[in-house]
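Peer 1: Heads up: the sequence shown begins at 11 in the numbering used here, then just goes up one per residue. Even for Gly, the Cβ is constructed at its ideal location relative to N, Cα and C. Sending over a structure as structure tokens; questions will come in a sec.
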Amino acid sequence: TVWQTLPIGPTHQDLSPYQSLSAHAGNQDFIDLAELLQTGLLADAELAQPIAESRQQLLAIAAQRFYEGHATGRKGFDLAGFEAFRARNDYWLDDFCLFCAIREVQESPGWLQWPEHLRDREPAALQAFVDQNQARLARIRFEQFLFNHQWQALRDYARSRNVLLFGDIPIFVAQDSADVWANRQFFKLDARGEPTVVAGVPPDYFSEEGQHWGNPLYNWQVMAEDGYQWWLQRLESQRHLFDLIRIDHFRGLQAYWEIPAEAPQPRNGYWVPGPSDHFLQACFDRFPDLPLVAENLGIISDDVEELRHRFRLPGMTVMQFGFDGSPNNPHLLHNHQPRDLVYTGTHDNDTTLGWYRSLDDRTRHYVNDYLATSGDGMPWPVIEAAFRSVCSLAVVPMQDFLGLGTEARFNTPGTITNNWTWQLDWNFPEKDLSKIIAESVKRHGRLPPV
């Protein structure tokens, strides 16, 4: 059994997990504050406050108590674990803490708007900031330790229940991130730090106009000089969190869509060769058992698939994409491949019920005929078709299991509002739904081995 998530890093105000403040850090909003009662880092009365308004303050209180316990050697504090976490993550942790602390003090939308001496990481200015903001830096460092501590407990519990955690690495990072601020040499930036070119995609299934993501693009030539160490460290941090890892926009390793920073439209971009085999070979030389899955959706040319096959990487098929009328569509059930993963839909799709309701009559009849259904009980005919697939793993979004419509869509590519906000209502009929899912999984031979 596999539980797949989107990227779990700290987000900007738009909440997109694909525009994170860090390629390594965890989102502090996932920290369970109630757990801090058990170690005395917080008191019941403190947790009674509205958490949304006081979360950072509560974490600051907990951090202060943790460091006091650290200094005095009080029992109940994972001192060895904290020091081990710092040592294991020293290649990103200090830069991230410094980045977030400056961001808080500056109250600015991005590091390009910081005073020049901080923007450009002048050593004397950074040291002065560190000296003046010890408590703030300590709180942010503690938050990351706490996130990691709780995540590892979750992972241990998942393993005890034979559940693997499946993570997601966005191929690009956000301009306003600790990664770009601290490693400008690895990105195509001008002398001030502004991107000269940005990432996106040409028009495709998800967007008729293409998409202007705005991420800075890598200077792959510079990255290759040290054997892609920045990327290898990124993979290392994610291997510590997940059992399987998806590379989002895998096709960008073969060729990526480069848009001039001043270009008004995504269609003004052009394809640029990526690092391809040289990069992937470096990854597998360092991590021979690297559990990668390639997100191969969108505009996928033969050379992208050839690259994927050379490294024997599983790809993705999406049930919703199969019904364009072509019997050779790779997303149609009879064309699935055993090594791949099948999805009813991804976070970029409408829910399967919403998708089905939006189909024109001709396509809806085609779906019904192909799946031998009247359409009643949708989306379960699509879910069960995915379970019948020869693909090694079938992945179903929770919205589909719950039978929700477009109102529960998680993201609409090419838009910047009303995304990333759907949350599971914990009052859903868990036992009834679990029984239905278990019976379907068993009926289609997808029960995990005992």
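Hey, could you find the ends of the beta strand (DSSP E) G177 is sitting in?
Peer 2: Against the sequence shown, residue 177 aligns to sequence position 167. From DSSP, the beta strand (DSSP E) with G177 extends over L174 to I179.
Peer 1: Could you check what DSSP says for E78 in three-state terms: helix, strand or coil?
Peer 2: Taking the first residue of the sequence shown as position 1, residue 78 is located at position 68. In the structure shown, E78 sits in a helix (DSSP, three-state: H, G or I).
Peer 1: Starting from V12 and walking both ways along the beta strand (DSSP E), at which residues does that stretch end?
Peer 2: Within the sequence shown, numbered from 1, the residue matching residue 12 stands at position 2. Segment V12 to Q14, the beta strand (DSSP E) holding V12.
Peer 1: Take R113 as the anchor and find which of T49, L128, P60 and L103 has the nearest alpha-carbon.
Peer 2: Taking the first residue of the sequence shown as 1, we reach residue 113 at position 103. Of the candidates T49, L128, P60 and L103, the one whose C-alpha sits nearest the C-alpha of R113 is L128.
Peer 1: For the beta strand (DSSP E) holding L302, just list the boundary residues, first then last.
Peer 2: Here residue 302 refers to the residue found at position 292 of the sequence shown. Residues L302 to A304.
Peer 1: Using a Cβ distance threshold of 8 Å, determine whether the stretch 124–139 contacts the stretch 224–234, with at least three qualifying pairs required.
Peer 2: At 8 Å Cβ cutoff, the stretches do not touch.
Peer 1: Quick one: give me the first and last residue of the beta strand (DSSP E) that E268 is part of.
Peer 2: For the purposes of this step, residue 268 is taken as the residue at position 258 of the sequence shown. Note, E268: beta strand (DSSP E), A265 to P270.
Peer 1: Taking H454 as the reference, give the member of P439, L403 and T431 with the closest Cα.
Peer 2: Within the sequence shown, residue 454 is the residue found at index 444, counting from 1. Out of P439, L403 and T431, L403 has the C-alpha closest to the C-alpha of H454.
Peer 1: Answer with buried or exposed for E305, where buried requires no fewer than 16 other C-beta atoms within 10 angstroms of its C-beta.
Peer 2: Position 295 of the sequence shown, counting from 1, holds the residue named residue 305. So E305 counts as buried.
Peer 1: Within the continuous beta strand (DSSP E) that includes L414, where are the two ends?
Peer 2: In the sequence shown, counting from the first residue as 1, residue 414 sits at position 404. Counting along the chain, L414 falls outside any beta strand (DSSP E), and DSSP gives it neither H nor E.
Peer 1: What does the Cβ neighbour count give for W191, buried or exposed, with the cut at 16 atoms within 10 Å?
Peer 2: Position 181 of the sequence shown holds residue 191. Buried is the call here.
Peer 1: From what residue to what residue does the alpha helix (DSSP H) around I255 run?
Peer 2: Working through the sequence shown from its first residue, we reach residue 255 at position 245. It is not in any alpha helix (DSSP H) - I255 instead sits in the beta strand (DSSP E) that spans L254 to I257.
Peer 1: From which residue to which residue does the alpha helix (DSSP H) around G224 run?
Peer 2: The residue given as residue 224 occupies position 214 in the sequence shown. That residue, G224, is in no alpha helix (DSSP H); its beta strand (DSSP E) goes Q221 to P226.
Peer 1: If you drop the 5 nearest sequence neighbours on each side, which residues of the same chain put their C-beta closer than 8 Å to that of T427?
Peer 2: Sequence index remark: in the sequence shown, residue 427 carries index 417 (1-based). Cβ within range, chain order: n/a, list empty.
Peer 1: Check the Cβ-Cβ distances between T383 and every residue of chain B, and say whether any is below 8 Å.
Peer 2: The structure shown has no chain B; it contains just one protein chain.
Peer 1: Can you name the residues that DSSP bridges to T21?
Peer 2: Position 11 of the sequence shown, counting from 1, holds the residue named residue 21. Answer is S30.
Peer 1: Using a Cβ-Cβ cut-off of 7 Å (strictly less than) and excluding sequence neighbours within five positions of A73, which residues of its own chain qualify?
Peer 2: Residue mapping note: residue 73 aligns to position 63 of the sequence shown, counting from 1. A148, R149 and F152, listed in sequence order.
Peer 1: Mapping the DSSP letters down to three states, classify G210 as helix, strand or coil.
Peer 2: In the sequence shown, the residue the question calls residue 210 occupies position 200. In the structure shown, G210 sits in a strand (DSSP, three-state: E or B).
Peer 1: Quick one: any contact between the stretch 330–344 and the stretch 353–372, if contact means 3 or more CB pairs under 8 Å?
Peer 2: A contact exists between the stretch 330–344 and the stretch 353–372.
Peer 1: Counting Cβ pairs, one atom from each stretch, are 3 or more of them under 8 Å apart for the stretch 258–274 and the stretch 200–211?
Peer 2: Segments in contact, yes.
Peer 1: Starting from V328, follow its DSSP beta bridges and name the residues at the other end.
Peer 2: Locating residue 328 in the sequence shown gives position 318, where the first residue counts as 1. V328 pairs with Y353.
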